[in-house]
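Let me begin by presenting the structure, written as structure tokens, before commenting on it.
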Amino acid sequence: MERMLRRLQEVLRCQPVDLDYLHFVLSHEVGLVRSFANVVELPQGVVRALSDLLRLLRLQEESYPAATDAEVLGGDRGQPKLVISKECLQNLIDMQLPIPCVAKLLGVCKRTVYRRMREYGLSVTGSYSNLTDEELDNLVRSVKLKMPHIGYRMMKGELQAMGYRVRWDQVSASMHRVDSAGILERITCLGCVARRTYSVKGPHSLVHVDTNHKLIRCVCYVSQEYCYNMVERLWRDVWMAVTRVYYELLHGLEDECLLDPSNSLQLFCAQYIFVPRLQMDLNTFTAGWDNHPLRTEQNLTPNQLWTIGLLQYPVAAPENLEVDLKYAAAAGGVVLPPIQCPLGPQAMAGLRAAINPITPSQDNGKDIYKAVLDYVTLHSNLAG
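Okay, here's the thing in structure tokens:
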């Protein structure tokens, strides 16, 4: 009770009250109360009051007026015509939104959307990529080379990020042709993710900052802001697609006595090579993840959810994010020890000119790391 009261007081202290954050806090607390109802007894009046307030907030959100791009054009006879611009309709189709979803966003019926599509010569089937099995297999193979452990949904997202719209059955068949053994391996490696769920009105309503420490042994961690509710599941996808590759690679270098986490020179070489490569792979993963279908969201992608949210609940992005130091908690986070560069300015310039960290590699940069290690060892000895 004290914790619940403290959290509600923190929300109400800031005026005007942020209803989105209040909704988030209430949803979390009411869910917690219901989970422990058989263990901890709370006054029923308090539980009813919280539930009623949460219900009112939900009703307020549902009554929020939805934006529409349909213009009513009256005539002398018959019903008025609903005019939808070709550009607006084309953009929604390019986002691969289902027609019922498009109709709901525009505030019209499905038949109206289909009629306007016929008038403008637009087609959903025409937006699919015309690829042969061999061409698709080559694309899938190139993605699997970078991210060998991704599944069907992430593969579909990666292809979409590359500009290819492919049907589910084509993606599945291609992955079985290219890497059937990898599919079985991935199934055996997947675990159950216990997720905490919450909901907000739309984009920009809540930002979650989280970090991943799988590579902390080599003085490296991943941090990002998220505006969606799938944080725990997202980290599993990051692990399966990206960080697992580097985790196994770095531990393999340790087993071969090529990398010692207590050796600052070797850590410098590892960071010089693998941090840029990791960032490049994370950027590729981000583009694919933003376009992969989410099972719990009717197979809509994060990009589609973002577009729908902005159309239904237009909220301007905050220009100046300020922290009220009076109420802010002590800043926490990961503090990494600095790694000194073992090279002088001239030798460092020579390293940058000689070795590009993101040069294509058949073994995820292991060969490039060895070349950097040899160069740095030689020039650091000369400097010493």
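Quick note: the sequence shown uses full-length UniProt numbering, first residue 1, plus one each step.
Idealized CB from N, CA, C, for every residue including glycine.
Distance between P302 and V171, taken at the CA atoms: about 19 Å. Counting other Cβ atoms within 10 Å of its Cβ, V46 stays below 16 and is therefore classed as exposed. The distance from the Cβ of V30 to that of L22 is about 12 Å, inconsistent with a contact at the 8 Å cut-off. In this structure, D169 keeps its C-beta atom at 7 Å or more from the C-beta atom of K144. In this model, L131 and L54 are separated by some 50 Å (Cα to Cα). Annotation for E134: the continuous alpha helix (DSSP H) segment containing it runs 133-146. In the same chain as L92, and ignoring 5 residues on each side of it, the C-beta atoms closer than 6 Å to its own belong to V102, in chain order.
In the structure shown, L253 falls within a helical segment according to DSSP collapsed to helix, strand and coil.
By the Cβ-count criterion, S123 is exposed, with fewer than 16 other Cβ atoms from all chains shown falling within 10 Å of its own Cβ. Under the three-state reduction of DSSP output, L294 falls in the strand class. Here the C-alpha atom of V376 lies approximately 56 Å from the C-alpha atom of R13.
Straight-line spacing of the CA atoms in H379 and A347 works out to 7 Å. In this structure, the alpha-carbon of R58 lies about 31 Å from that of R236. Taking each of A287, L19, L259 in turn and checking the Cα distance to F274, the smallest one comes out for L259.
DSSP places I84 within a strand segment (E or B) once states are collapsed to three. The alpha carbon of Q160 has as its nearest neighbour, out of Q362, P98, T284, I358, the alpha carbon of T284. It is roughly 16 Å from the alpha-carbon of L5 to the alpha-carbon of E41.
Taking the Cα of S264 as reference, the smallest distance to any Cα among E119, I339, K110, R177 is reached at I339.
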